Amino acid sequence: MPTITEDCIDGFQQYYARPLERPKKKSFKQMIYDDEDNSYFGRTIDSWAKIGTFYFAFYGVLGALVAICMWAFFQTLDPRIPKWTLDSSIIGTNPGLGFRPLPPVDNVESTLIWYKGTQHENYKHWTDSLDDFLAVYKVPGLTPGRGQNIYNCDYNQPPPKGQVCDVDIKSWSPCTKENNYSYHKSSPCIFLKLNKIYDWRPDFYNSSQDLPAAMPENLKTYIADIEKKEAHKLNTIWVSCEGENPADQENIGPVNYLPIRGFPGYFYPYQNSEGYLSPLVAVHFQRPKRGIIINIECKAWARNIVHDRKERIGSVHYELLID
């Protein structure tokens with residue numbers, strides 16, 4: 001009769017008995033399909049069917065819930081009207097000012113416009129960049145819906161609802177493609193645009209008697225002259241471009257603004273109408289000093305535009321160097 005110790009040893013040996021060895025090829029095949037118990041990867045067909053049914057139902061219900069949530073979310077949105085506007089939005093109510101042409105993409109942080117006026121290949125980047133930027137203004141078909149709803153606006157003739165104002169590219173001369181935007185004459189044209197903010201309405205400086213002290217004197221004189229001769233054009237977001245420092249102001253030379261010195265008020269408010277294009281101001285630097293970097297700051301002027309160079313709102317900075 002076996003003793004208790006012998007029973008324990010027998011049980012230990014049975015528990016830790018080495019499993020039957022199978023050939024490697026047979027083991028791999030049996031891992032995929034075992035004909036002894038008719039299983040695939042260790043599970044029978046019925047087991048796999050139950051697992052598949054569960055996951056199909058689980059992800060089906062999950063997908064349906066996500067679809068319902070997305071559908072409900074999109075019911076609250078308008079494809080043309082942002083949900084949060086003006087003070088409620090991240091953009092806020094103070095538009096920024098942009099300039100074109102921009103430096104090459106490999107020098108994206110630069111704001112320097114640098115070229116040799118006598119070499120076509122040298123200034124070609126700048127004129128080509130302006131060609132690309134202005135293409136949508138020259139070819140209405142490049143902007144969806146623009147060909148059907150362009151309206152010839154004026155200060156006394158704002159656009160009807162659903163229509164957009166035309167931008168007269170002929171009024172930019174000599175800042176035109178045919179004239180190389182005057183780059184070949186070392187008197188380049190820089191185009192300015194105001195960033196779009198939905199439903200933002202400018203509060204115009206439309207009286208020469210109530211202009212800010214920081215406004216350049218030549219702009220004050222210009223507004224006073226407009227007030228006398230063409231008072232209906234006073235509803236304009238005015239523009240000024242000056243040298244940042246006294247030396248820059250001496251080197252910048254005379255500056256001309258085309259077609260007028262600002263953005264006409266009838267382009268505002270921007271309401272994302274189909275075919276809308278922002279108004280542009282072509283700034284023509286007629287005789288900038290060559291061989292020296294000129295720091296330039298351009299500002300947009302309205303009562304509700306605050307200038308902050310650090311935050312890049314209401315103004316834009318760039319440099320000009322013509323060899």
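Residues 1 to 323 in UniProt numbering are what the sequence shown spells out, letter by letter.
Here a beta-carbon is modelled for each residue, glycine too, at the ideal position from N, C-alpha and C.
Fair warning: this is a prediction, and the values are worked out from it, not measured in the lab.
Worksheet item: Just the Cα atoms here: how many angstroms apart are G275 and Y155?
Response: 20 Å
Worksheet item: Mind checking R261: buried by the 16 CB within 10 Å criterion, or exposed?
Response: buried
Fill in: The beta strand (DSSP E) enclosing I294, as first and last residue numbers
I294 to W301
Worksheet entry | T221 - DSSP class collapsed to helix/strand/coil | helix
Item to complete: Measure the alpha-carbon distance for E230 versus L321 and round it to whole angstroms.
Response: 36 Å
Item to complete: Express the C-alpha separation of P288 and W71 in angstroms, rounding to a whole number.
Response: 57 Å
Worksheet item: Is it buried or exposed for P104, if we count other Cβ within 10 angstroms and need 16 for buried?
Response: exposed
Worksheet item: For V167, does the three-state DSSP call read helix, strand or coil?
Response: coil
Worksheet item: Got a sec, what are the start and stop residues for the beta strand (DSSP E) S240 sits in?
Response: T236 to G243
Worksheet entry | Segment limits, beta strand (DSSP E) that includes D204 | It is worth fixing the name first, because residue 204 is Phe in this sequence and not Asp. Here F204 belongs to no beta strand (DSSP E), and DSSP marks it neither H nor E.
Worksheet item: According to the Cβ coordinates, are C175 and C165 closer than 7 Å?
Response: no
Worksheet item: Sorted by chain position, which residues of the same chain lie with C-beta nearer than 8 Å to C153's C-beta, five sequence neighbours on each side aside?
Response: P159, C165, D166, P264, Y266 and F267
Worksheet item: Once you ignore the five residues that flank I313 on each side, which residues in its own chain have a CB closer than 6 Å to its CB?
Response: N94 and G96
Worksheet item: Residues bridged to H317 by DSSP?
Response: E297
Worksheet item: Does the stretch 233 to 251 come within contact of the stretch 290 to 310, defined as at least 3 CB pairs closer than 8 Å?
Response: yes
Worksheet entry | Cα-Cα separation, H184 to H120 | 7 Å
Practice prompt. Kindly list the residues whose CB is nearer than 7 Å to the CB of N206, restricted to its own chain and excluding five residues on each side of it in sequence; keep chain order.
Written response: L234 and N235
Discussion item. Could you give the first and the last residue of the continuous alpha helix (DSSP H) run that contains P246?
Written reply: P246 to N251
Item to complete: Using a threshold of 7 Å, state whether the C-beta atoms of L280 and F191 are closer than that.
Response: yes
Worksheet item: Which one or two residues does DSSP pair with G162 in a beta bridge?
Response: Bridge partners of G162: none, in fact.
Worksheet item: To which residues of the same chain is W126 closer than 8 Å at the C-beta, ignoring the five residues directly before and after it?
Response: P101, I113, Y115, Y181, Y183 and P188
Discussion item. Whole angstroms are fine: how far does the CA of N256 sit from the CA of D128?
Written reply: 22 Å
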